[in-house]
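The sequence shown begins at 1 in UniProt numbering and counts up one residue at a time. Worksheet: the structure to be examined is printed underneath.
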Amino acid sequence: MNPLVLTIVISSLGLGTILTFIGSHWLLVWMGLEINTLAILPLMIRQHHPRAVEASTKYFITQATASALLLFASVTNAWTSGEWNLVEMVSPGSATLATIALALKIGLAPLHFWLPEVLQGLDLTTGLILSTWQKLAPFAILLQLYPSLNPNLLILLGVLSTMVGGWGGLNQTQLRKILAYSSIAHLGWMISILHYSHNLTQLNLILYIIMTSTTFLLFKTFNSTKINSVSSSSSKSPLLSIIALLTLLSLGGLPPLSGFMPKWLILQELTKQDLIVPAIIMAMMALLSLFFYLRLCYATALTMTPAPINMLTSWRTKLSHNLALTTTASLSIFLLPITPAILMLMS
């Protein structure tokens, strides 16, 4: 892609998200979401491959539907209350419609069907942007609207997402689809606690972005898109394969890694709110997610290629000084001991 075009596209992505962050008027927020959607399409379609074209088309149609629903919710609310202010969501119908629109935008179950298919058609760099940066703007709206949203609907969406994310990833062999179902499950954890503790949602979102970025950057370094191809990583770079193993276990929420922190705090908060059944279901579904992360760990660090070469080879992955990977990997693994400090900063 032309560097000038790439600069414009990346700048538009940033502009759309910033507009949504700072906007208090419904039309300004909606405009930010639209700029965000339109800016990522050139990145998605730049491969000129039928699968990329299909993924871009599906993404555009889904996001356009969600945007239309969100605009309808904001107009209905303005008609009822006479206010275009984002936080003045007085109509329950408008609040429910806005929740459904934003759930469709980020890929919450049962509106998740587009996410695995779209992610499968993208390269790992664009998939990283879709899985991390594109979640920020919808969550900025949800974090402002949470007092007006129906908590029962949020819990239902959260539990369904953790179930779909756990069951859907079990039978996958494509890494991008596994990461898509992982994203759905993590989004379910975030949305279920939103009404009761929005600080925990923010913490979970930050940690999810860090861990997912690490995973995508590792797979990009290995140049792997399938479970079979990732099995050669241990012979190419033993150190990176160990980092990948720890990051995947952290994504699964295994102590003493960083990913355990948000799950532990969310289950604690749900039990405080007497939501015992949702907490039990989500904890059980976390075990399903952990199972397919363990499959990936086994393929990454505990298997060898069919014809191992017992000598130093010229094609061995050279450890480049990748600051982004180093930083995100460290944060993905070592944050659990400083949980009290993080909670103190959040309060």
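Cβ coordinates follow ideal geometry from the N, Cα and C atoms, glycine included.
- Query: So, helix, strand or coil for Gln174, using DSSP?
  - Reply: Taking the first residue of the sequence shown as 1, we reach residue 174 at position 174. Annotated three-state conformation of Gln174 is strand, per DSSP.
- Query: Is the CB-CB distance between Ala73 and Ala98 below 8 Å?
  - Reply: Along the sequence shown, one-based indexing puts residue 73 at 73. Along the sequence shown, one-based indexing puts residue 98 at 98. Against a cut-off of 8 Å, the Cβ pair of Ala98 and Ala73 comes out as a contact.
- Using a Cβ-Cβ cut-off of 7 Å (strictly less than) and excluding sequence neighbours within five positions of Gly169, which residues of its own chain qualify? As a working mapping, residue 169 is identified with position 169 in the sequence shown. If we look at Gly169 and ignore the five residues flanking it on each side, its Cβ neighbours are Ile178, Tyr181, Ser182, Ser289, Phe292.
- Candidates Leu143, Ser332, Thr17, of which the one nearest Ser213 by Cα: Along the sequence shown, one-based indexing puts residue 213 at 213. Taking only the C-alpha atoms, the option nearest Ser213 is Ser332.
- Query: Quick one: any contact between the stretch 249 to 267 and the stretch 192 to 205, if contact means 3 or more CB pairs under 8 Å?
  - Reply: yes
- Query: If you check the beta carbons only, do Ser161 and Leu194 fall under 8 Å apart?
  - Reply: The sequence position of residue 161 within the sequence shown is 161, counting from 1. The sequence position of residue 194 within the sequence shown is 194, counting from 1. No. Outside cutoff.
- Exposure label - Pro92; buried when at least 16 CB within 10 Å: What you label residue 92 is simply residue 92 of the sequence shown in a count that begins at 1. Taking a 10 Å sphere around the C-beta of Pro92, we find fewer than 16 other C-beta atoms and assign the residue as exposed.
- Same chain, Cβ closer than 7 Å to Ala137, neighbours up to 5 away in sequence not counted: For this step, residue 137 is matched to residue 137 along the sequence shown. Contacts found: Gly16, Thr17, Thr20, Gly32, Leu33, Asn36.
- Look up Asn85 in the DSSP assignment and give the residues it is bridged to. Here the question's residue 85 lines up with position 85 in the sequence shown. Paired residues: His25.
- Check each candidate in Leu207, Ser235, Ile227, Phe219 and name the one with the smallest Cα separation from Leu251. Here residue 251 is taken as the residue at index 251 of the sequence shown, counted from 1. It is Leu207 whose Cα lies nearest to the Cα of Leu251.
- Backbone CA spacing between Ile10 and Thr96 [nearest angstrom]: Reading the sequence shown from its first residue, position 10 is the one you call residue 10. Reading the sequence shown from its first residue, position 96 is the one you call residue 96. Roughly 32 Å separates the two Cα atoms.
- Query: Nearest-angstrom Cα distance between Leu217 and Val90?
  - Reply: As a working note, residue 217 is residue 217 in the sequence shown. As a working note, residue 90 is residue 90 in the sequence shown. Leu217 and Val90 have their C-alpha atoms some 43 Å from each other.
- Item | Range covered by the alpha helix (DSSP H) that runs through Met1 | Start at 1 with the first residue of the sequence shown, and residue 1 comes out as number 1. Element bounds for Met1: n/a, residue is neither H nor E.
- If you follow the alpha helix (DSSP H) that Asn228 is part of, which residue opens it and which one closes it? Locating residue 228 in the sequence shown gives position 228, where the first residue counts as 1. It spans 227 to 230 - the alpha helix (DSSP H) in which Asn228 sits, taken as one unbroken run.
- Query: Given a threshold of 16 other Cβ atoms within 10 Å of its Cβ, counted over all protein chains shown, does Asn204 qualify as buried or as exposed?
  - Reply: Counting from 1 along the sequence shown, the entry for residue 204 is found at position 204. By the 10 Å Cβ count, Asn204 comes out buried.
- Would DSSP call His49 helix, strand or coil? As a first step, residue 49 is located in the sequence shown; it is residue number 49 there, counting from the start. Secondary structure of His49 (DSSP, three-state): coil.
- Query: What do you get for His186, buried or exposed, if any count of 16 or more other CB atoms within 10 angstroms of its CB means buried?
  - Reply: Working through the sequence shown from its first residue, we reach residue 186 at position 186. Under this definition His186 is a buried residue.
- Give the C-beta separation of Ile40 and Leu13 to the nearest angstrom, bearing in mind that I take them to be a contact with Cβ-Cβ under 8 Å. Along the sequence shown, read from residue 1 onward, the residue named residue 40 stands at position 40. Along the sequence shown, read from residue 1 onward, the residue named residue 13 stands at position 13. Indeed they touch by this definition, with Cβ atoms about 6 Å apart.
- Message: As a quick exercise: from Pro278, Pro50, Leu239, Thr7, pick the residue whose alpha carbon is nearest that of Leu153.
- Response: For the purposes of this step, residue 153 is identified with residue 153 of the sequence shown, where counting begins at 1. Ranking the options by Cα distance to Leu153, first place goes to Pro278.
- Query: CB-CB under 8 Å to Leu324, same chain, minus the five flanking residues each way: which ones, in chain order?
  - Reply: One-based indexing of the sequence shown puts residue 324 at position 324. With the sequence shown as reference, residue 324 is identified as Ala, and Leu is not the correct amino acid for it. Only Ser213, Leu217 meet the Cβ criterion.
- For Ser237, the three-state DSSP class (helix, strand or coil): Your numbering for residue 237 matches position 237 in the sequence shown. Looking at Ser237 - three-state DSSP - the assignment turns out to be coil, as it is neither helix nor strand.
- Below 8 Å on the Cβ atoms is my guess for Ser224 versus Leu175; work out the distance and round it to an integer in Å. Taking the first residue of the sequence shown as position 1, residue 224 is located at position 224. Taking the first residue of the sequence shown as position 1, residue 175 is located at position 175. 6 Å between Cβ atoms; contact.
- Message: Can you look up Gly121 in the DSSP assignment and give me helix, strand or coil?
- Response: Position 121 of the sequence shown, counted from the first residue, corresponds to residue 121. Gly121 falls in the coil class under three-state DSSP.
- Task: Spatial neighbours of Thr62 within its chain, please: CB distance less than 7 Å, with the 5 preceding and 5 following residues excluded, ordered by chain position.
- Result: As a working note, residue 62 is residue 62 in the sequence shown. Same-chain partners within the cutoff: Leu104, Trp114.
- Query: Would the beta-carbon of Cys297 fall within 8 Å of that of Leu245?
  - Reply: Position 297 of the sequence shown, counting from 1, holds the residue named residue 297. Position 245 of the sequence shown, counting from 1, holds the residue named residue 245. For Cys297 and Leu245, yes; Cβs fall inside 8 Å.
- Task: In angstroms with no decimal places, state the Cα-to-Cα distance between Met344 and His49.
- Result: Taking the sequence shown and counting its residues from 1, the one referred to as residue 344 is at position 344. Taking the sequence shown and counting its residues from 1, the one referred to as residue 49 is at position 49. Rounded to the nearest angstrom, the two C-alpha atoms are 49 Å apart.
- Taking only the alpha-carbon atoms, compute the straight-line gap between Trp133 and Phe139 and give it to the nearest angstrom. For the purposes of this step, residue 133 is taken as residue 133 along the sequence shown, with counting starting at 1. For the purposes of this step, residue 139 is taken as residue 139 along the sequence shown, with counting starting at 1. The straight-line gap from Cα to Cα measures roughly 11 Å.
- Item | Among Glu88, Ile100, Gly121, Leu119, the one whose alpha carbon lies nearest that of Leu111 | Locating residue 111 in the sequence shown gives position 111, counting from the first residue. Cα-wise, what sits closest to Leu111 is Ile100.
- How big is the Cα-Cα spacing for Thr327 and Leu27? As a first step, residue 327 is located in the sequence shown; it is residue number 327 there, counting from the start. As a first step, residue 27 is located in the sequence shown; it is residue number 27 there, counting from the start. The alpha-carbon atoms of Thr327 and Leu27 are separated by roughly 37 Å.
- Message: Going by beta-carbon coordinates alone, are Gly166 and Met211 separated by less than 8 Å?
- Response: For the purposes of this step, residue 166 is taken as residue 166 along the sequence shown, with counting starting at 1. For the purposes of this step, residue 211 is taken as residue 211 along the sequence shown, with counting starting at 1. No, Cβ-Cβ distance for Gly166 and Met211 is not below 8 Å.
- Task: Sort Trp30, Pro42, Ile22 by Cα distance to Leu4 and report the nearest one.
- Result: Walking along the sequence shown from the start, residue 4 turns up at place 4. Checked all of Trp30, Pro42, Ile22; the closest Cα to Leu4 is Pro42.
- Message: Classify Val87: buried if its beta carbon has 16 or more other beta carbons within 10 angstroms, exposed otherwise.
- Response: The sequence position of residue 87 within the sequence shown is 87, counting from 1. Classification for Val87: exposed.
- Task: Would you mind stating whether Ile276 and Val159 have Cβ atoms separated by less than 8 Å?
- Result: Here residue 276 is taken as the residue at index 276 of the sequence shown, counted from 1. Here residue 159 is taken as the residue at index 159 of the sequence shown, counted from 1. Against a cut-off of 8 Å, the Cβ pair of Val159 and Ile276 comes out as no contact.
- By a C-beta neighbour count over all protein chains shown, 10 Å radius and 16 as the cutoff for buried, is Met1 buried or exposed? Residue numbering aside, residue 1 sits at position 1 when the sequence shown is read from its first letter. Met1 comes out exposed.
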